[in-house]
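Structure first, then comments.
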């Protein structure tokens, strides 16, 4: 346990304003304030970007690159000139808020220097920006498409790129009402499928479906000529694909491994098999529409996803006039849900990590018992077991019901009926702690787990920060960085809890961090019970009537400490001059995605069997990885 | 799920009164189906959110091993049932079709959730396949987003009922029985967009027409949907006057593929003619090859 | 490597194994017998051991807020004034607030005047797109669309029956009252009565719906348009004798129409029930 109250002098490197001042002093010609309405941070000219980033990291102390994403400013809006813009959010691992810096490039050439030499965490995020926005990053070691496949036609997140089922720029679509004669989207496409081809499609070039090119781009290749001699055992190098259909990849994830015998010499994750175009759809949706879509990002912990998103939009809404900030009870309810979700998430994560270690399904079955009961609670309060859709801007969907009761409807339905507070008290004081203790008793000292997990999947403190790892991966490497403490939101400042930290940096450390975090969550939940009692009756959904809330223009980055790590939402509202109903840009900084950046680093040198477990110890969910 | 003896007594063969309930006469079909439906082995295969509910269904609370389904096989070669649990993306449809082709007959596909059935909330996305049935034959659809474990179990029971109804005598029910290996589904190709090899002809014609800038055939440019006429007033009127929204739900209209519904009658006829010609050509080619 | 942790783990497994029998012993090895009524205990917070739901034989009932595919509330089929009348006024908010845009509404227009009438002519929900988020029900100002609790919707064919039309979506108000009693009461309180908002408004104006001024005005307009149309269509023929509106006759017609509507609604209901039976049989 580390005391996370940050001494003033440590932040003494200065506030954000100081940092910006120093930066402008250092690069007077190339750094300028971002003075667009509702925007913050600085704009750095492209040719000084790397130098300035190095200065920001080394001199100003912003060592953690949280998010790097691209925005396409095209057409009418607040911006006079069409351009592409990279937005970077850098933080200090000692705590505090973000230094936002941006770099712009025009849409036709679309080239920017890569920041991978400074932060390796930019690796996947720049590849994503290349894939979806078409920005070429000079100096990137491996600039290839990451979510889509090589050869895909166009860069879909550009504003002028339209998909096969394109209907209108923004929802709601005019065809739905008042003359909503239904048709299925495929009826309008001549192929009957969700496809469109460029007019000059060359089918003769499609014969080569081997993936040799991909391996070569990753610098891999089967090498049968150079046989390696290991103490008399002669081995040659192999390429092994694991996934996308593989029982232990937690979904549809693929790893290309280069093996020397059974030792991994290189590993490249391949993703995008669940790329559901979250951001493209999100930019067509209204702000409200996106809430249920966030449920489907990290579908194990949907409450946490809701929270991050509403926080981001609330930042923007609070700039406008007609907006009621959440009441105290709302915050209590949110934290209650989020902490329960964190427990669900960690129980699930540990359970499936054990699956990967070979303890097939028995631990999961034990952990699912508590999960099912928490899900019952979610179902009774929010309406669905997994896709909770519970939070609203400035509120939540509804207050806790007085009783958790079900109603008989179908044949053989069996009803249940308990008092909500009694249920919560029993769960929080008895069941969940007992279950966590059982996990501890069951696994922590188990010799097999220790033998498998200790020292495997190691990532050092410096690497963890450099690779932008977040959540248990970061804290398992000795960095006491928890957003609930370092950049607090909601009512976390008044709650008493510690940040779980382990210094070893291996799989076992990450397991222990998760275990400890569940205990801290229970500690928080216990403090919430009396708060729930005395806030009884406070309104929780003041802005309910606003089904099409106009959001003032500007940008916002809302982030929460989700079970898997830092979940951030970068939202830009830039419709017309004052407000917009649809986000101009909606980007998800997905912890599962960015935590995979160091997977290759962690796995190199490990055995094949360990790779599976290392992936499990990162705890990814593909819905969030691929979005 | 026990073999119902009462059911077995209901045969067309006369059973003497004194022997009733002592002997059971049954057709091979019912025993065969009983065995099959109570040992459906699903593939250990999850795509997205629905997979989590599928795992919940498999685990202790809902426990589909009560239906003989607990043996989830990671390899398609040992599984009978593919539960498509989640959004099917264009990048993922390629491995899915390969997996399906590797499953031995008899094989079943259950589309779990809105996404697998018809694209779901992500349908409009550029990387999403609008329904697994665009590529694979689906036996049971389970709506919901996601379906609760109980909804999935209802779907699995529906699948069992379907198997019960299949007869060894009817060749349509059991296409695999006695006819050797089935025709594999062509694996889609990742080109500029996902390419279904079955539509290769159509795509080629479109491309050629575009290259020659011909106008005889409608040329669907990069974004076909936008250039097509909107759901016209005539069609709208037709829908409005028909009782019960016949556009989608009229069973009397034979719809070969849904893609035809929005097209004009002429275009559909042209397609049909083309298809017939293609079939004849293929047949001739095959004969020539054999001969 | 002394094996202590290993033994501890095995002890946990053993404990779980033994716990599964606690209930069996407690209930004399017939814990699933329906007459024991122990479902709530077995699934409750204090339960231990196996907690399997024996699905087709016993089902977890759904809580009131549970959301699955939406349905449309229509007035009870035996309602006095408005049997089988849609609560929906086709205002279109649900289709606007629907995140995946799966709700399609055709607003009905008066055939004479061409002005919108507050009821939907057609209403479709594509349940292959619906994400069960519940926004439509949450933001409907008339409590006319609600989330259903019936999750047993699996089917063998989606092309014909996964687009729910108005007929398939409509369920009596009584049904909503059964599946969500507490919420129905809350909503009725917010509305100010059990009746639909419009019905209440009309009731407050006094008299039956035909008597109020708005309807009269609409009637008048309709008459005028009809007359104009007829005049345009047949300018040669002499103008028909103006029908003097007879209140008594109108009231009679009204009664007649009501009766007809009720009968039709009941017929529809019976047909639906028969169809359902057929489906479940097959």
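Residue numbers (this note's numbering), protein chains in the order written: chain A, 1184 to 1810; chain B, -1 to 289; chain C, 4 to 285.
C-beta: ideal position from N, C-alpha, C; glycine also.
Since we're looking at a predicted model, the values are computed, not measured.
Item	Value
Unbroken alpha helix (DSSP H) runs of length 4 or more, entirely within the region 1205 to 1276 of chain A: which are they?	1232 to 1241
Considering only the beta carbon of each residue, do residue 1877(A) and residue 1326(A) sit closer than 9 Å?	Here chain A covers residues 1184 to 1810 and nothing more, so residue 1877(A) does not appear.
Taking 8 Å as the threshold, find out whether the region 1418 to 1436 of chain A comes into contact with the region 87 to 104 of chain C through three or more Cβ pairs.	no
Under a three-way DSSP split, which group does residue 248(B) fall into?	In this prediction, residue 248(B) has a pLDDT of 36, which is less than 50 and means its spatial position is unreliable; nothing more can be read from the coordinates.
Apply the 10 Å Cβ neighbour rule to residue 107(B) and answer buried if 16 or more other Cβ atoms are within range, or exposed otherwise.	buried
Could you check how far apart the C-beta atoms of residue 1512(A) and residue 1743(A) are, in whole angstroms? I think they sit under 8 Å.	That pair is no contact at about 19 Å.
Using three-state DSSP, classify residue 1466(A) as helix, strand or coil.	helix
Show which residues of chain B have a CB atom less than 8 Å away from the CB atom of residue 1555(A).	54 and 59
Taking residue 1252(A) as the reference, give the member of 1297(A), 1278(A) and 1280(A) with the closest Cα.	1297(A)
Is residue 142(B) near residue 154(C), with beta carbons less than 9 Å apart?	yes
Mind checking whether residue 91(C) and residue 166(C) have CB atoms under 9 Å apart?	no
Quick one: grab the DSSP three-state call for residue 1420(A).	strand
Just the Cα atoms here: how many angstroms apart are residue 1476(A) and residue 11(C)?	43 Å
Just to confirm, is the Cβ distance from residue 1747(A) to residue 1485(A) under 9 Å?	no
Do you know whose CA, among 1686(A), 1448(A), 1609(A) and 1682(A), lies nearest residue 1644(A)'s CA?	1686(A)
If contacts are defined as beta-carbon pairs under 8 Å, then residue 39(B) and residue 71(B) qualify, I think. What distance do you get, rounded to the angstrom?	5 Å
In chain A, what lies closer than 7 Å to residue 137(C) by C-beta?	1566 and 1572
From which residue to which residue does the alpha helix (DSSP H) around residue 1488(A) run?	1485 to 1500
So residue 1587(A) is in the beta strand (DSSP E); what residue range does that whole segment cover?	1586 to 1590
Using only CA atoms, which one of 1299(A), 1582(A) and 1602(A) lies nearest to residue 1589(A)?	1602(A)
Which residues in the same chain as residue 1669(A) place their Cβ atom closer than 6 Å to its Cβ, once the five residues preceding and following it in sequence are excluded?	1278
Is there a Cβ from chain A that is less than 9 Å from the Cβ of residue 128(B)?	yes
Note down, in chain order, every chain D residue with its Cβ under 7 Å from the Cβ of residue 82(C).	Of the chains in the structure shown, none is chain D; the protein chains are A, B and C.
I want to verify the contact list: residues of chain A whose CB lies under 7 Å from the CB of residue 109(B), in sequence order.	Within chain A, no residue comes near residue 109(B); the closest Cβ sits about 15 Å away, beyond 7 Å.
Please report how far the alpha carbon of residue 1401(A) lies from the alpha carbon of residue 1319(A), in whole angstroms.	17 Å
Please work out which residues of its chain come closer than 6 Å, Cβ to Cβ, to residue 1468(A), disregarding the five sequence neighbours upstream and downstream, and give them in chain order.	1354
Can you find a C-beta in chain A that's less than 9 Å from the C-beta of residue 139(B)?	no
Quick one: give me the first and last residue of the beta strand (DSSP E) that residue 1284(A) is part of.	1282 to 1288
Using a Cβ-Cβ cutoff of less than 7 Å, which residues in the same chain neighbour residue 69(B) once the five nearest sequence positions on both sides are dropped?	39
For the region 1417 to 1431 of chain A, enumerate the residues whose C-beta is nearer than 7 Å to any C-beta of chain B, in chain order.	1427, 1428 and 1430
Give the list of continuous alpha helix (DSSP H) stretches no shorter than 4 residues that lie fully inside the region 13 to 57 of chain C.	42 to 46
Measuring only between beta-carbons, confirm whether residue 38(C) sits less than 9 Å from chain A.	no
Tell me which same chain residues have a C-beta within less than 6 Å of the C-beta of residue 1231(A), skipping the five on either side of it?	1210 and 1213
Beta-carbon of residue 1552(A) versus every beta-carbon of chain B: anything under 9 Å?	yes
Can you grab the Cα-Cα spacing for the pair residue 1245(A) / residue 122(B), in whole Å?	39 Å
Who pairs with residue 1818(A) in a beta bridge, going by DSSP?	In the structure as shown, chain A starts at 1184 and stops at 1810, and residue 1818(A) therefore has no counterpart that could be examined.
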